[in-house]
């Protein structure tokens, strides 16, 4: 091969290598600063046998529900409690969170014997009840705060 062709190929390889490193550094920067992790709550699907439903208007029946307290962009979003709710990044979750600190299937909130419980589903960053990490299903009362990733929900 002629030397000029080898020189051109060498410079093309170096350019591709530099582009790769720039992409890696950008991805790390986004993870560290948290600028790329938009967080949204998607309305849960309505299950045939009940489940979580979006909160009713003011004239609806009162009941237990989860109200988003943080982040400020989602503050006030609420979900009525029926039987069970799953939280996570997966599309099959009742409440889907676009948050880098939330696992695909992070936690579940459910009713058992007339009480509301929260359970961590083996998430990496854990589920917190009133700022304490839970390791087993825990009962939840009105006024308690649940934290999943960077989202804080209050039971009302």
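In my numbering, the protein residues as written are 4 to 159. All C-beta atoms in this analysis are idealised placements derived from N, C-alpha and C, irrespective of residue type, glycine included.
Self-check item: Three or more C-beta pairs below 8 Å linking the region 73 to 87 and the region 133 to 142
Solution: no
Self-check item: Spatial distance of residue 90 from residue 83 (CA atoms)
Solution: Along the chain shown, read from residue 1 onward, the residue named residue 90 stands at position 87. Along the chain shown, read from residue 1 onward, the residue named residue 83 stands at position 80. Between residue 90 and residue 83, the C-alpha separation is close to 14 Å.
Quiz item: Helix or strand or just coil, what does DSSP make of residue 138?
Solution: For the purposes of this step, residue 138 is identified with residue 135 of the chain shown, where counting begins at 1. DSSP places residue 138 in coil when its eight states are reduced to three.
Practice problem: Report the three-state DSSP secondary structure of residue 82 (helix, strand or coil). | Solution: Taking the chain shown and counting its residues from 1, one reaches residue 82 at position 79. In this structure, residue 82 counts as strand in the three-state DSSP scheme.
Quiz prompt | residue 109 beta carbon less than 8 Å from that of residue 124 | solution = What you label residue 124 is simply residue 121 of the chain shown in a count that begins at 1. What you label residue 109 is simply residue 106 of the chain shown in a count that begins at 1. Yes, they are a contact pair.
Quiz item: So, residue 152 versus residue 113, is the Cβ gap smaller than 8 Å?
Solution: Here residue 152 refers to the residue found at position 149 of the chain shown. Here residue 113 refers to the residue found at position 110 of the chain shown. Not a contact, by the Cβ cut-off of 8 Å.
Quiz item: Where residue 158 and residue 140 are concerned, what is the direct C-alpha to C-alpha distance, given to the nearest angstrom?
Solution: On the chain shown, position 155 is the one that residue 158 refers to. On the chain shown, position 137 is the one that residue 140 refers to. If I take the Cα positions, the gap works out to 16 Å.
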